[in-house]
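Participant: Residue numbers (the working numbering): 84 to 211.
Submitted below is the structure of interest, expressed as structure tokens.
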């Protein structure tokens with residue numbers, strides 16, 4: 084028997100996933116951010132060393148900017164801590180019922196760690 088759902092556009096567009104769904108989405112975004120950084124780094128290194136291109140230097144300037152570095156540091160910290168949470172939930176499946184609480188615990192680890200790291204990075208950036 085087919086499922087018949089009559090959901091309007093506004094009702095269907097409302098976000099109902101909660102914290103674990105947000106963690107799932109951010110895990111994918113942070114993974115893509117890390118892939119972007121590695122790709123840019125490899126391309127810039129190749130263009131600069133092998134071809135002597137100014138495009139490689141421009142890419143270096145982009146990914147060495149403080150904004151991109153703060154983004155990549157967030158991606159690395161979030162991806163690592165969220166990955167650890169997923170591993171723990173995979174090893175002990177009975178803990179899945181506490182998934183929402185583990186997501187809150189994850190944020191209690193990520194935020195101080197990221198804020199401290201960002202503070203140090205910005206302070207060094209401003210110092211020159």
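Glycine included, C-beta positions come from ideal geometry on N, C-alpha and C.
For a test of the three-state rule: what should DSSP assign to residue 147, helix, strand or coil?
Facilitator: Within the chain shown, numbered from 1, the residue matching residue 147 stands at position 64. Residue 147 falls in the coil class under three-state DSSP.
Participant: Whole angstroms is fine: what's the gap from residue 114's alpha carbon to residue 158's?
Facilitator: Taking the chain shown and counting its residues from 1, one reaches residue 114 at position 31. Taking the chain shown and counting its residues from 1, one reaches residue 158 at position 75. Whole-angstrom Cα-Cα distance: 7 Å.
Participant: How would you label residue 40, buried or exposed, when you count the other beta carbons within 10 angstroms and need 16 or more for buried?
Facilitator: Residue 40 cannot be examined here, being either before or after the span of the chain that is shown, 84 to 211.
Participant: Give me the Cβ distance between residue 152 and residue 204, rounded to the nearest whole Å; I'm assuming they're in contact under 8 Å.
Facilitator: As a working mapping, residue 152 is identified with position 69 in the chain shown. As a working mapping, residue 204 is identified with position 121 in the chain shown. Right, the Cβ-Cβ distance comes to about 6 Å (below 8 Å), so this counts as a contact.
Participant: In whole angstroms, give me the CA-to-CA distance for residue 176 and residue 162.
Facilitator: Position 93 of the chain shown, counting from 1, holds the residue named residue 176. Position 79 of the chain shown, counting from 1, holds the residue named residue 162. Looking at the two C-alpha atoms, the distance is approximately 20 Å.
Participant: Out of curiosity, what's the CA-to-CA distance linking residue 156 and residue 178?
Facilitator: Sequence index remark: in the chain shown, residue 156 carries index 73 (1-based). Sequence index remark: in the chain shown, residue 178 carries index 95 (1-based). If you take the alpha carbons of residue 156 and residue 178, they lie about 29 Å apart.
Participant: In terms of residue numbering, what span does the alpha helix (DSSP H) encompassing residue 196 cover?
Facilitator: For the purposes of this step, residue 196 is taken as residue 113 along the chain shown, with counting starting at 1. First-last of the alpha helix (DSSP H) with residue 196: 182-210.
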